[in-house]
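**Student:** Residue numbers (my numbering), protein chains in the order written: chain A, 148 to 638; chain B, 556 to 1010. All residues carry an ideal CB built from backbone N, CA and C; glycine is no exception. Structure provided below as structure tokens; questions to follow.
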Amino acid sequence: MTDGRPKEVSTAVTRLEPTIFELSSAGCRGYELPALDVPEADPSDLGDAVRPDIAGFPEMSEVDVVRHFVRLSRLNYAIDLGLYPLGSCTMKYNPKINEEMARLDGFARIHPMQPEGSVQGALRLMDELEALLREITGMDRFTLQPAAGAHGELTGIMIARAHLERSGDPRSVILIPDSAHGTNPASAHICGYRVEEIASNERGCIDTDALRRRMGPDVAALMLTNPNTLGIFEAEIETICGIVHAKGGLVYMDGANMNALVGVARPGDMGVDILHLNLHKTFSTPHGGGGPGSGPVGVVRALEPYLPVPVLVRGERELRLDWERPFSIGKISSFLGNFGMHVRAYAYILSYGATGIRRIAERAVLNASYIRARLSDTYHLAFRQPTLHEVIFDDTNQKDAGVRTLDIAKRLMDYGFHPPTIYFPLIVHGALMIEPTETESRQELDRFIEAMKAIDREAREDPELVRTAPHHTPVGRLDEAAAARKPKLVW
Amino acid sequence: MRFLPQGDDDLREMLAAVGVSSPSDLFRAIPEKLRLKGDLNLPPAHSELDLRRKMGAMAAANASAATHAFFLGAGAYNHYVPAAVWQLLLRSEFYTSYTPYQPEISQGTLQVTFEYQSLIAALTEMEISNASLYDGATALAEGVLMAQRANKRARVVLSEAIHPHYLRVVRSYVRNLGLQVVTIPAGADGRTDLDRLAATMASDGATVAAVAMQNPNFFGCVEDLGAAAPLVKNAGALFEVVINEPISLGLLHGPGHYGADVAVGEAHALGTPLQFGGPYLGFMAAKEPLLRQMPGRLVGEARDARGRRGYVLTLSTREQHIRREKATSNICTNQGLIAMAATIYMSLMGRHGLREVATQNRSKAIWAKERLSRVKGCHPRFTAPIFNEFVLELPADPESINRELLAKGIVGGLPLARYLPSVPGARNLCLFCVTEMNTREEIERLASALEEAGR
Chain A
148 MTDGRPKEVS TAVTRLEPTI FELSSAGCRG YELPALDVPE ADPSDLGDAV
198 RPDIAGFPEM SEVDVVRHFV RLSRLNYAID LGLYPLGSCT MKYNPKINEE
248 MARLDGFARI HPMQPEGSVQ GALRLMDELE ALLREITGMD RFTLQPAAGA
298 HGELTGIMIA RAHLERSGDP RSVILIPDSA HGTNPASAHI CGYRVEEIAS
348 NERGCIDTDA LRRRMGPDVA ALMLTNPNTL GIFEAEIETI CGIVHAKGGL
398 VYMDGANMNA LVGVARPGDM GVDILHLNLH KTFSTPHGGG GPGSGPVGVV
448 RALEPYLPVP VLVRGERELR LDWERPFSIG KISSFLGNFG MHVRAYAYIL
498 SYGATGIRRI AERAVLNASY IRARLSDTYH LAFRQPTLHE VIFDDTNQKD
548 AGVRTLDIAK RLMDYGFHPP TIYFPLIVHG ALMIEPTETE SRQELDRFIE
598 AMKAIDREAR EDPELVRTAP HHTPVGRLDE AAAARKPKLV W
Chain B
556 MRFLPQGDDD LREMLAAVGV SSPSDLFRAI PEKLRLKGDL NLPPAHSELD
606 LRRKMGAMAA ANASAATHAF FLGAGAYNHY VPAAVWQLLL RSEFYTSYTP
656 YQPEISQGTL QVTFEYQSLI AALTEMEISN ASLYDGATAL AEGVLMAQRA
706 NKRARVVLSE AIHPHYLRVV RSYVRNLGLQ VVTIPAGADG RTDLDRLAAT
756 MASDGATVAA VAMQNPNFFG CVEDLGAAAP LVKNAGALFE VVINEPISLG
806 LLHGPGHYGA DVAVGEAHAL GTPLQFGGPY LGFMAAKEPL LRQMPGRLVG
856 EARDARGRRG YVLTLSTREQ HIRREKATSN ICTNQGLIAM AATIYMSLMG
906 RHGLREVATQ NRSKAIWAKE RLSRVKGCHP RFTAPIFNEF VLELPADPES
956 INRELLAKGI VGGLPLARYL PSVPGARNLC LFCVTEMNTR EEIERLASAL
1006 EEAGR
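Structure (structure tokens):
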């Protein structure tokens, strides 16, 4: 152990790779096209709009391109390699059949502006997906157009604003708990609202007295996450909704943590007016190293007129896209949203079906509770309240040895794991936010728990080893401050 | 359930370790009355084979570019995707990874993104690029908001020859922010009316944050960016160029060549198929001074303690997870994997391939435009140079003609009437797109079908 080598070393990653620009070799090509079967066009009508060359582009054979990207892939951690316990990110297994379904020609090679009669299969899939999401959430109507969670938030707040405007006053403030994800205030701000924080109480939940005192005719909406980013269910959700509704405000629920509730409880039954889902979290569409996602927004009946256009409607003979919606917030993305993600989420929900879907939340909460039970004697629990799909520890027990959350996270990589979400939520100092999801076996959880316990021991016996981790990754800790001082963003 | 790896013994022991007797006890923190009593009303569980049958039938009910001759473009383009692109995207290490917040075990994603940024900058002839935005329309909206942040002016001037969906999205984004949208119509040749632009800039230029034009524009015409640029720059506004057919940049100069401050648009055409409009690839490239106003993620080069080169997410203090409501955008999840597809595509096509594809697109489009113009009752509407799209006036309502074409295995062009309510004689206008995917034989079939439809 003294040489910094833990018993288990990740072998998933290998050596660093040059860039495509360094691999370029003049005269190589990675493509071939059929011979041009019409005369080549004369470029003279374009005049000096024609560029002489695509300067800076590489020249590579297909072999070199494939090896380059396969080698790069081996520098990545991934859910298919093991537990990816990022809190509030819901990194669950991505079923392989979903990828095949999304690549069927009849889904992958159709155009969003084709005549509606020629894409009835695709529209039916969207219509049925919407019905599934309505049933799972208890909301009355959905738009599938938002491309990600934050885009859903923006859409949802636009809907709230349009509704309030129509009743005479858009109001000026959005209330957001201090435990919220950063996208919430950013989304509210782009909608022209001022953001005010609502402090959490000692139980990690919204302080209903503070909310009651603050709630007034200037507040357009409360944006909350339930269960919140501490993994705690807002048990007073009905009271909270009542307080907001009594003063004419709306309740927006960020559905980032919906994985804790699927098949168990429905936001629509709690009094929530607007909800976004992350298909790339709860409904298993792959995260793709940063996207694409999909952020459908569900609303109560009264807010349906404001949904973005076009709205999918059932016509007499076929499904069609309705653009004539006088109160709509307008359009919010180029076409119909990330349809490829809709296909995957649809396949996922059908895979579980009526009797199985509840297992998602049950096993997700069981896995998180198991980690909590087995690690809470080693790591300090930020809040003692019962938690659902995730658990938040901090570095209280390790910091006397000079080991901080960041060090623990980095050392986990040497044990072959991706670290949890760290330093979030902001209200927990040195947070380690762990969400295992339902798709981890007990063996995988035990390996993770043992790694966490080993790091705690190392923190006492050889803190320098932890502070200088990781030791077995292709690169060590990178100097992010220097990178930001003098940014090099292109080759 | 095949996605759940806990065995019976494990479940029992885990429940015991947690101290509950049944899974439903795990939810005691949720008030009883909010907990569902029975199963949801959902279809029964589907096996893989059930899914294949059901979804295969749904997919087969659509007219796709795999089964039909395809002449529809308008911001979504049917191009060839090399086999290597999708195979590489299916590497688990890429598509099942998260946002690269931990750089030591995310160098694959980070380096690809750095290469993506470099290629987009080279392609657009701009200085910097971000790591992607949702799609072309939201990229333009972000570009408009960025201009307002940069120069605090209250108006944005948009060409009406920008994709109409993009214009609608910009209006949705700015309506709550007090930013006024002014539009400039297209002239008789199909290009933005630069006289009108000059007049607007002369009267209101000092209040204009940005001017945006699309190239090639929504009607397929190549704009005179060289003439437009000084009108914008002299007023101190940002010049923003929208590109939604990036294959055109294999042949045409990028926005940077004309001094554009910002290039935004849609780049799905680089390696991602039509897939009913998404996921697509919004991009944003800019001049260096706008760096700290950029929305979205940026990847930069960095070194570790031993001097090894690596890549990190950088300048995050612009972003929502640090800056919250003061962030340059609310975007978090972007279109990472689609940006990767574009990177692989551009690497395969390279310096010469993209030029060759672009030349094929333009050659076939010009040949098709001439061929279809010889059909009785079909007339080209505009005279400006084109890339791979053109507008024809058809002998009858394009919607009904499209129904006849469909019956013959052809997906026709886009009927323009609903996008041009104020243009006289727009009723029979139709926007056609021809790419490297269309053979001469398909174009002949389209010509014959239009011939018959016009009778």
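(1) Assuming Cys985 of chain B and Leu947 of chain B are in contact, meaning their beta carbons sit under 8 Å apart, how far apart are those beta carbons, in whole angstroms?
(2) Look at the alpha carbon of Ala159 of chain A and the alpha carbon of Ile596 of chain A, and state the distance between them as a whole number of angstroms.
(3) To the nearest angstrom, report how far apart Ser523 of chain A and Ala346 of chain A are at their CA atoms.
(4) Less than 8 Å between the CB atoms is what I'm expecting for Ala686 of chain B and Gln672 of chain B, so what's the real figure, rounded?
(5) For Ser334 of chain A and chain B, any beta-carbon pair shorter than 8 Å?
(6) Sorted by chain position, which residues of the same chain lie with C-beta nearer than 8 Å to Leu961 of chain B's C-beta, five sequence neighbours on each side aside?
(7) Which residues does DSSP list as the beta-bridge partners of Ser714 of chain B?
(8) Give me the Cα-Cα distance between Val622 of chain A and Gly865 of chain B, rounded to the nearest whole angstrom.
(9) How many Å lie between Val398 of chain A and Leu591 of chain B at the Cα?
(10) Glu206 of chain A and Ser172 of chain A - do their beta-carbons sit closer together than 8 Å?
(11) If you measure between the beta carbons of Gly445 of chain A and Leu422 of chain A, is that distance less than 8 Å?
(12) Report yes or no: is there a C-beta of chain A within less than 8 Å of the C-beta of Asn772 of chain B?
(13) In the DSSP assignment, what residue or residues form a beta bridge with Thr372 of chain A?
(14) Have a look at Gln666 of chain B and Ala255 of chain A and give me their C-alpha separation to the nearest angstrom.
(15) Ordered along the chain, which non-local residues of its own chain (more than five positions away) have a Cβ less than 7 Å from that of Asp748 of chain B?
(16) Applying the 10 Å Cβ sphere with the 16-neighbour rule, what's the burial state of Met992 of chain B?
(17) Mind reading off the beta-carbon distance from Ala841 of chain B to Ile683 of chain B? Whole number of angstroms is fine, and I expect it under 8 Å.
(18) Can you list, in chain order, the residues of the region 605–622 of chain A whose Cβ is nearer than 8 Å to any Cβ on chain B?
(19) With DSSP as the reference, identify every bridge partner of Thr747 of chain B, one or two as the case may be.
(20) Grab me the residues of Lys154 of chain A's own chain with a C-beta within less than 6 Å of its C-beta, minus the 5 sequence neighbours each way, in chain order.
(21) What residues from chain B crowd round Gln261 of chain A, counting only those whose CB sits closer than 7 Å?
(22) Looking at the C-beta of Thr355 of chain A, does it have a partner C-beta in chain B at a distance below 8 Å?
(23) Which value, in whole angstroms, describes the spacing of the CA atoms of Ala897 of chain B and His489 of chain A?
(24) Looking only at its own chain, which residues have a Cβ that is under 7 Å from the Cβ of Gly229 of chain A, when we skip the five neighbours before and after it?
(25) Could you tell me which residues DSSP puts in a beta bridge with Thr620 of chain A?
(26) For Val197 of chain A, count the other beta carbons within 10 Å of its own beta carbon; 16 or more makes it buried, fewer makes it exposed. Which is it?
(27) Nearest-angstrom Cα distance between Val677 of chain B and Phe669 of chain B?
(28) For Ile899 of chain B, which residues in the same chain have their Cβ closer than 7 Å to its Cβ, ignoring the five residues on either side in sequence?
(29) Specify whether the region 530–550 of chain A and the region 601–608 of chain A touch according to this definition: at least 3 beta carbon pairs, one from each stretch, less than 8 Å apart.
(30) Would you identify the three-state DSSP class for Gly1009 of chain B, choosing helix, strand or coil?
(31) Excluding five sequence neighbours on each side, which residues of the same chain lie with their C-beta closer than 8 Å to the C-beta of Arg710 of chain B?
(32) Please list, in chain order, all residues of the same chain as Gln561 of chain B whose beta carbon is under 8 Å from its beta carbon, the five residues on each side excluded.
(33) Output the distance between the C-alpha atoms of Cys236 of chain A and Thr432 of chain A, rounded to the nearest integer angstrom.
(34) Which chain A residues sit within Cβ distance under 9 Å of Lys919 of chain B?
(35) State the start and end residues of the unbroken alpha helix (DSSP H) segment that holds Gly500 of chain A.
(36) Can you pull the chain B neighbours of Arg214 of chain A, defined as C-beta to C-beta under 7 Å?
**Tutor:** Well, looking at it:
(1) Contact between Cys985 of chain B and Leu947 of chain B holds: their C-beta atoms lie close to 6 Å from each other, under 8 Å.
(2) Summary for Ala159 of chain A: the model assigns pLDDT 44, below 50, so the residue's position carries little reliability; its value from the coordinates is reported in the next sentence. Rounded to the nearest whole angstrom, the C-alpha separation of Ala159 of chain A and Ile596 of chain A is 20 Å.
(3) Rounded to the nearest angstrom, the two C-alpha atoms are 26 Å apart.
(4) Contact flag correct, Cβ pair sits at about 7 Å.
(5) Ser334 of chain A has a beta carbon lying within less than 8 Å of a beta carbon in chain B.
(6) Hits under 8 Å: Ala618, His623, Gly967.
(7) Note: Ser714 of chain B sits in a beta bridge opposite B:Ile739.
(8) As the crow flies, the alpha-carbon of Val622 of chain A is around 7 Å from that of Gly865 of chain B.
(9) Val398 of chain A and Leu591 of chain B have their C-alpha atoms roughly 21 Å apart.
(10) Cβ distance < 8 Å, so Ser172 of chain A and Glu206 of chain A count as in contact.
(11) The Cβ-Cβ distance between Gly445 of chain A and Leu422 of chain A falls below 8 Å.
(12) No, Asn772 of chain B lies away from the interface with chain A (no Cβ there is under 8 Å from its Cβ).
(13) Within the DSSP secondary-structure output, Thr372 of chain A pairs in a beta bridge with A:Asp401.
(14) Roughly 27 Å between the two C-alpha positions.
(15) Excluding residues within five positions, the ones whose Cβ falls inside 7 Å are Ile739, Pro740, Ala741, Gly742.
(16) Buried: at least 16 other Cβ atoms inside 10 Å.
(17) About 6 Å; that satisfies the 8 Å criterion.
(18) When CB distances to chain B are screened at a threshold of 8 Å, the residues of the region 605–622 of chain A falling below it are Pro617, Thr620, Pro621, Val622, in chain order.
(19) Bridge pairing for Thr747 of chain B: B:Ala741 [DSSP].
(20) Because Lys154 of chain A sits at a pLDDT of 49, beneath the cut-off of 50, its placement in the model cannot be relied upon, and the point is left open.
(21) Under the 7 Å cutoff, chain B gives Ala618, Leu627, Val966.
(22) Thr355 of chain A does not count as touching chain B.
(23) So the two alpha carbons sit approximately 22 Å from each other.
(24) Counting only residues of its own chain and dropping the five nearest sequence neighbours on each side, Gly229 of chain A has a CB closer than 7 Å to the CB of Gly563, Phe564, Glu591.
(25) Beta-bridge partners assigned by DSSP to Thr620 of chain A: none are found.
(26) Result: exposed.
(27) Going by the sequence as given, residue 677 of chain B is Ala instead of Val. Taking the straight line from one Cα to the other gives about 12 Å.
(28) Ala639, Val640, Leu643, Gly826, listed in sequence order.
(29) Output reads yes: the region 601–608 of chain A touches the region 530–550 of chain A.
(30) DSSP, reduced to helix, strand and coil, places Gly1009 of chain B within a helical segment of the structure shown.
(31) Counting only Cβ-Cβ distances below 8 Å, and skipping sequence neighbours, we find Leu734, Gln735, Val736, Val737, Asp759, Thr762, Val763, Ala764.
(32) Excluding sequence positions up to five before and after Gln561 of chain B, its CB lies within less than 8 Å of the CB of Met569, all in the same chain and listed in chain order.
(33) Distance between the alpha carbons of Cys236 of chain A and Thr432 of chain A: 12 Å.
(34) For Lys919 of chain B, the chain A residues whose C-beta falls within less than 9 Å of its own C-beta are Leu183, Asp184, Val185, Ala188, listed in chain order.
(35) It spans 486–503 - the alpha helix (DSSP H) in which Gly500 of chain A sits, taken as one unbroken run.
(36) Under the 7 Å cutoff, chain B gives no residues; its nearest Cβ is about 10 Å from Arg214 of chain A.
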